[in-house]
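Numbering (my numbering), first residue to last: 2 to 421.
Heads up, the beta-carbon is just placed ideally off N, CA and C, and yes, glycines get one too.
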Ligand code: EPZ
C-alpha cells in the first residue's frame, strides 16, 4: 500500500515553477473517440495517470493496439474484437461509459456494464441512453449490463434535460457516423468537450457550434486518423493556484490555459490572491497573508467547477469569516469534509451546503482519501497543518494527478510517497 506523508506548517511558502499536465478529462474521451476510425490517431501531451491506463486496458479488450512514448500515445482500432465493456473496468472508472457512443456508431452494437454509484454520487446514465435511443438505438438492461444495438444510427434533435459532460461527449461521438444531421441542445460547454470536437473535426467529422450550448453534427460515412494535443488540466492548475493561495506562495504555472480558468481566477482574486496572466500559456499566483471568505456555488462551465469544490473548501478554512459552499452538480460530493474535520477544520454540512468557519489552524493527522478531488484537498490541507499528515488510499489521487507530490516537493513542500 502506498501513502503520502506530509510535514506541514503555517510558515510554508511554496515558491517556483510548475508545468501542468494534460487534462485527464480531455484525454479519456479523446481515446474512446479513436474507436470511430480504423486509422491511427496520435495524442500528444497525455497525462500518465491511472485512469489513462484503465481506459487503455479497456480499449485493448475492444481491439485497439497502442504504444506510449513519454507523453505521446499512438492508438489504432483496425477492427473491433468484442464490443463489451466489463463490469470491473466500468467499476474502476465510470468514464469507461464513453465507449458506448463510439462503439454503437462504428460497430452497431455495444454491451457496457451499468456504472454503479461512487463516492461523489449516484452517477446515472439515463441521459446518455435517452439520447442514443433518439438516434435509433434499441437499448436493453439485463444482469447489470446495457446492450445497445442499431443497424445504422440516424440524426435527430436532442435536448439534454440537464447538462451532462459525458452525455454530451457520447452523443457527439455517436452522431459523427449517423445518417443525416443531429442537433444537440443544452450541451455541456466544458473545454474538454470542445477539445473533443476539435479532434473529431480533424478526423473528418462535420461539427458546428464548438463550445456552444447547441451543437450540430452532420454524419459522415467514416472518419480518418489525426494528430491532436491534449489541453492542459485546468483542475490540476486550479489545485496549484489554491496551494499558492494557502501558503502565501509565489508560483508560476506553465503549459496552462488561463482562459479555461476565468471563474477560478476571479474567486481567488476576490479572496486576496494576486494572479498575473503572463501569456496565453502561463500565469503567476502570489498568495496573500489575509484570505477573504466568500460563498461559492458550483455550476456547469463556465461556472465554478465542481472539481474545484473540495480544494476551495480547504482555502476557506483559512479565510477569516464564514463561507457557504453549495454543491449543485453531484448529490454526495462532501466526503472530504469528515477527513478535514479530523485535521481540525470547522465545517458543517447541511443538505447541498458546506458552511465553513475560518480561520482555523489545522493540525496534522492520519486521513483516508475517498475520491480523486477529495485526495487533492487532503494534500492541500496537509501542507498547512502543523505536524505530520498521512493520506491513505492514495490510488484515488493517482487516478487524476501525475506525480503531484514531486511537483509540490519541487516548490518546497515536505511531502513524499511512502510504501508500507
Ligand atoms: C465529468 O463527469 C467529469 N469526468 C467529472 O470529473 C466532472 O466532475 C463532471 O463531468 C462535471 O459535470 C470526466 O470528464 C471523465 P456529468 P460526468 O454527466 O460526465 C447527472 C473528476 O474529478 N447525470 O456532467 O460523469 C450526474 O449524476 C471527475 O475529474 C444524470 O443525472 O458528469 C451529475 O449529477 C469527477 N444522468 C450531473 O448530471 C446522466 O445520464 C453531471 O454529471 C448523466 C449525468
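Relative to the ligand EPZ, is the shortest distance from any of its heavy atoms to the C-beta of residue i smaller than 7 Å?
{"i": "residue 324", "result": "no"}
{"i": "residue 373", "result": "yes"}
{"i": "residue 176", "result": "no"}
{"i": "residue 125", "result": "yes"}
{"i": "residue 109", "result": "no"}
{"i": "residue 164", "result": "yes"}
{"i": "residue 236", "result": "yes"}
{"i": "residue 416", "result": "no"}
{"i": "residue 332", "result": "yes"}
{"i": "residue 244", "result": "no"}
{"i": "residue 167", "result": "yes"}
{"i": "residue 209", "result": "no"}
{"i": "residue 193", "result": "yes"}
{"i": "residue 129", "result": "yes"}
{"i": "residue 26", "result": "yes"}
{"i": "residue 311", "result": "no"}
{"i": "residue 298", "result": "no"}
{"i": "residue 189", "result": "yes"}
{"i": "residue 122", "result": "yes"}
{"i": "residue 34", "result": "no"}
{"i": "residue 96", "result": "yes"}
{"i": "residue 401", "result": "yes"}
{"i": "residue 327", "result": "no"}
{"i": "residue 29", "result": "yes"}
{"i": "residue 308", "result": "yes"}
From the DSSP secondary-structure annotation, give me the bridge partner or partners of residue i.
{"i": "residue 379", "result": "None, per the DSSP bridge assignment."}
{"i": "residue 320", "result": "Looking at the DSSP assignment, residue 320 forms no beta bridge with any residue, so it has no partner."}
{"i": "residue 189", "result": "Bridge partners of residue 189: none, in fact."}
{"i": "residue 146", "result": "114 and 143"}
{"i": "residue 67", "result": "76"}
{"i": "residue 284", "result": "254 and 278"}
{"i": "residue 85", "result": "112"}
{"i": "residue 8", "result": "389"}
{"i": "residue 19", "result": "254"}
{"i": "residue 325", "result": "356"}
{"i": "residue 368", "result": "392"}
Decide if residue i is buried, meaning its Cβ has at least 16 other Cβ atoms within 10 Å, or exposed.
{"i": "residue 245", "result": "buried"}
{"i": "residue 171", "result": "buried"}
{"i": "residue 249", "result": "buried"}
{"i": "residue 421", "result": "exposed"}
{"i": "residue 263", "result": "exposed"}
{"i": "residue 79", "result": "exposed"}
{"i": "residue 54", "result": "exposed"}
{"i": "residue 337", "result": "buried"}
{"i": "residue 2", "result": "exposed"}
{"i": "residue 260", "result": "exposed"}
{"i": "residue 189", "result": "buried"}
Which of the three DSSP states, helix, strand or coil, is assigned to residue i?
{"i": "residue 78", "result": "coil"}
{"i": "residue 171", "result": "helix"}
{"i": "residue 256", "result": "coil"}
{"i": "residue 408", "result": "helix"}
{"i": "residue 93", "result": "helix"}
{"i": "residue 39", "result": "coil"}
{"i": "residue 339", "result": "helix"}
{"i": "residue 209", "result": "strand"}
{"i": "residue 181", "result": "coil"}
{"i": "residue 30", "result": "helix"}
{"i": "residue 54", "result": "helix"}
{"i": "residue 221", "result": "coil"}
{"i": "residue 268", "result": "helix"}
{"i": "residue 275", "result": "strand"}
{"i": "residue 334", "result": "coil"}
{"i": "residue 233", "result": "strand"}
{"i": "residue 312", "result": "helix"}
{"i": "residue 351", "result": "strand"}
{"i": "residue 163", "result": "coil"}
{"i": "residue 62", "result": "helix"}
{"i": "residue 361", "result": "coil"}
{"i": "residue 227", "result": "strand"}
{"i": "residue 128", "result": "helix"}
{"i": "residue 3", "result": "strand"}
{"i": "residue 99", "result": "helix"}
{"i": "residue 122", "result": "strand"}
{"i": "residue 400", "result": "coil"}
Are the C-beta of residue i and some C-beta of chain B separated by less than 8 Å?
{"i": "residue 131", "result": "Absence of chain B from the displayed structure is noted, only one protein chain being present."}
Per the contact definition of three or more C-beta pairs closer than 8 Å, is the stretch 171-180 in contact with the stretch 198-217? Because the criterion of three Cβ pairs below 8 Å is met, the stretch 198-217 and the stretch 171-180 touch.
With a cut-off of 8 Å, do at least 3 Cβ pairs link the stretch 340-353 to the stretch 126-145? no
Is it the case that the stretch 74-94 contacts the stretch 257-271, given that we only count it when at least three CB pairs across the two stretches are under 8 Å? no
So, does the stretch 362-370 touch the stretch 391-411, judging by three or more C-beta pairs under 8 Å? yes
Below 8 Å, how does it come out for the stretch 285-295 and the stretch 311-324: are there three or more Cβ pairs, yes or no? Enough Cβ pairs lie closer than 8 Å, so yes.
Evaluate the contact criterion for the stretch 56-70 versus the stretch 84-104: three or more CB pairs, one atom per stretch, below 8 Å. yes
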